[in-house]
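For reference, the structure is listed below as structure tokens.
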Amino acid sequence: MNQKFQNKSFQITRRSFLAKCTVAVAATGLPLWVIRQDAALAAEAATNAPGMPSPNDRPGIALIGCGGQGTGDAMNASGYGDILALCDVNQQHLNNAVRRFSMDGKTPDKYTDFRKVMERDDIHIIVQATPDHWHTLINIAAATAKKDVYGEKPLTLTIDEGKHVVKAVRENKIVFQTGTQQRSDRRFRLACELVRNGRIGKLQEVDVWVPGGLRAGPFQTGQVPPPTLNFDYWLGQAPQVEYMHERCDNTFRWWWDYAGGPVTDWGAHHNDIARWGIGQDGPISVEATVITPPIPGGYTTPSEYSATLMWANDVKQVVRTTLDDSPFGQILKPDGQRNGIKFIGSDAWIWVNRDGISASKDEILTDPLPDNAIRLEVSRNHMGNFMDCVRSRKDPVAKVEDGHRSAVVGHLIIVALRSGKKFTWDPAKEIFTGEGAAEGNTYLAREMRKPYNYDFAG
Ligand SMILES: NC(=O)c1ccc[n+]([C@@H]2O[C@H](COP(=O)([O-])OP(=O)(O)OC[C@H]3O[C@@H](n4cnc5c(N)ncnc54)[C@H](O)[C@@H]3O)[C@@H](O)[C@H]2O)c1
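Each residue of the sequence shown is one higher than the one before, starting from 0 at the first, in numbering that gives the first Met the number 0.
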């Protein structure tokens, strides 16, 4: 245990503690009892922490997928270990990342094939932020090579992939954190804890609002891939198609071949919180409607849609795209009509998003939960929680099963959108049942382009 860190926690006087709490209340909009409880939990966590690694004991880290999110994730990870390797199929992104992560006279090694990274004994952790269609094969390769993984959301491209990733993580006993970082934000945890403890009465409905997707096209044909990009390896398991830069720039998310559009982009975050609050593995039915269809020859995922999922105990979940017109829709208004989640109970409601938390009555938030209340796992820092677990070998706050089950919610919506049908789902067996099941089950997996398959690198 790190003595310096531990002592510091207990040097806080009562007066300075209260002053800090008051400042925190103002800054976060959270009630005082939550801030106090959090401070106490932080002190306890510091006491029980597995200990900070010495400078000679920092894990070796490799980043696979050096785009916008990967670079940010690796910056966070670099506070806990050393970035020894960088991998990307796009030389330009790779070189940018090398410049970014070269420090103190040390330059990370460059790779264009992730399989080579897995061969290194001095790499203990993989941070992976490739486009969604590459997540599974790289996660399985990392698990097989016994590397711990911080893997971006959504965990998978299909429901079948999730089953394979969970198996690989468990069989190889690696630590896996899904990049659904809202689980490490105390506002989302508070909302879910209050719902789980019946603070709004019986939960009846969860309204999820996600930003709409991009709608554009038709795109120019006959484009030539830049010499810095290995387009065939970028495509991986996805169908062979003509190159368009609109596929590969971080707009990959608006194509069914590589991702789930606005269903699994922000949806991976908000459906995860909805499921955390509902407290069940998965829904039992799904139906969905395309509101704004794509333009032929352009992005293939619909920019606007709505979906309704039923969960056991008559809980209804409604997922809708916001009317926000910005491409990534980060307009956060706490009015229940914008990007965020509203839990509606028989007695009251709670609204939460990255900007704050509010409720139909003040006391829903301000009355402390009793000591015997149901508590959810506490994490204050998503990467920090992962690194703690790498040392303790415990499961992080967004363990692989949660990454999988929350991604399934989005995948079910995608099946309903693409087929135009309503389905019944068995969350335990993870198959469609009843009318139309045979058609629904054809969407569980996708055929991978040769030579890609689950054993490609694992
Ligand atoms: N947690 C969050 O809040 C959050 C935010 C943004 C993105 N994401 C997720 O992060 C992932 C990446 O998104 P982005 O916006 O950074 O995309 P991006 O296009 O900027 O980056 C993806 C990178 O992966 C590289 N790549 C593709 N195939 C590869 C392969 N086989 N091997 C190595 N590198 C490969 C690409 O060349 C690119 O540099 C997505 O899954 C996305 O959903 C998460």
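All C-beta atoms in this analysis are idealised placements derived from N, C-alpha and C, irrespective of residue type, glycine included.
Check	Outcome
Contact check, leucine 416 vs valine 289 under 8 Å by CB: the rounded distance?	6 Å
Quick check on serine 302: buried or exposed, where buried means 16 or more other Cβ atoms within 10 Å of its Cβ?	buried
Using CA coordinates, which residue listed in Glu429, Asp454, Phe422 and Pro426 is at the minimum distance from glycine 499?	Residue 499 lies beyond the range of the chain shown here (0 to 457); nothing can be said about it.
When the Cα atoms are used, what is the spatial distance from glycine 216 to glutamate 192?	43 Å
At what residues does the alpha helix (DSSP H) containing phenylalanine 422 begin and finish?	Unbroken run through phenylalanine 422 is the beta strand (DSSP E), 422-425; no alpha helix (DSSP H).
Among His269, Ile294 and Gly260, which has the Cα closest to the Cα of aspartate 131?	Gly260
Using DSSP bridges, identify the partner residues of asparagine 89.	Leu228
Which first and last residues belong to the alpha helix (DSSP H) in which tryptophan 133 is found?	131-143
Between Ile412, Lys105 and Ala358, which lies nearest to tryptophan 255 when the distance is taken from Cα to Cα?	Ile412
With distances taken from CA atoms, which of Asp56, Thr143 and Arg185 is nearest tyrosine 453?	Thr143
Which same chain residues end up closer than 6 Å to proline 58 when comparing Cβ atoms and leaving out the 5 residues on each side of it in sequence?	Gly80, His123 and Ile124
Please tell me whether aspartate 87 and threonine 106 are closer than 8 Å, where the distance is taken between their beta carbons.	no
Using a Cβ-Cβ cutoff of less than 7 Å, which residues in the same chain neighbour alanine 273 once the five nearest sequence positions on both sides are dropped?	Val205, Val207, Gln316 and Ile340
Work out the CA separation of glycine 104 and arginine 404 for me, nearest whole Å.	43 Å
Measuring CB atoms only, is the stretch 64-82 touching the stretch 138-155, in the sense that at least three cross pairs come out at less than 8 Å?	yes
Taking only beta-carbon atoms, is arginine 374 less than 8 Å away from chain B?	The structure shown contains no chain B; it is built from a single protein chain.
Out of Ala96, Arg185 and Asp313, point me to the one whose CA is closest to valine 33's CA.	Arg185
Since asparagine 352 is in the beta strand (DSSP E), which residue starts that stretch and which ends it?	348-352
If I follow the unbroken beta strand (DSSP E) through glutamine 239, where does it start and stop?	Element bounds for glutamine 239: n/a, residue is neither H nor E.
Count Cβ pairs between the stretch 169-178 and the stretch 391-406 that sit closer than 8 Å; are there 3 or more?	yes
Using the C-alpha atoms, what's the distance from threonine 227 back to asparagine 196?	54 Å
Taking the alpha carbon of lysine 166 as the point to measure from, which residue in Arg182, Ala141, Gln181 and Ala190 has its own alpha carbon closest?	Ala141
Say the cut is 7 Å; is the CB of threonine 129 nearer than that to a heavy atom of ligand 1?	yes
What is the C-beta distance between valine 164 and threonine 155, in whole angstroms, given that I count them as a contact (C-beta under 8 Å)?	6 Å
Need the endpoints of the alpha helix (DSSP H) that leucine 62 sits in, please.	Note, leucine 62: premise wrong, no alpha helix (DSSP H); beta strand (DSSP E) at 59-63.
Identify, in the order they occur along the chain, each residue of the same chain with its Cβ nearer than 7 Å to the Cβ of arginine 99, setting aside the five sequence neighbours on each side.	Thr70
What does a CB cutoff of less than 8 Å around proline 295 pick up in its chain, not counting 5 residues either side in sequence?	Gly216 and Pro217
Out of Tyr298, Lys162, Ala190 and Val223, point me to the one whose CA is closest to proline 426's CA.	Lys162
If you measure from the CB of aspartate 87, is any heavy atom of ligand 1 nearer than 7 Å?	yes
Using 7 Å as the cut-off, classify the Cβ of tyrosine 232 as near or not near the heavy atoms of ligand 1, replying yes or no.	yes
Going by alpha carbons, who is nearest to valine 262 out of Thr300, Phe455, Gly278 and Met382?	Thr300
For isoleucine 124, list the residues DSSP reports as bridge partners.	Ile60 and Asp147
For glutamate 376 and histidine 134, I'd like the C-alpha separation in whole angstroms.	25 Å
Please tell me whether, using a cut-off of 7 Å, the distance from the CB of leucine 252 to the nearest non-hydrogen atom of ligand 1 is below it.	One point to set straight first is that residue 252 is arginine, not leucine, in the sequence displayed. Checking the Cβ of arginine 252 against ligand 1 gives yes.
Figure out for me which residue from Asp346, Leu136, Val314 and Lys145 has the closest Cα to the Cα of glutamate 160.	Leu136
Write down every uninterrupted run of the beta strand (DSSP E) in the stretch 339-425 whose length is 3 residues or greater and which is fully enclosed by it, in chain order.	339-344, 348-352, 355-358 and 422-425
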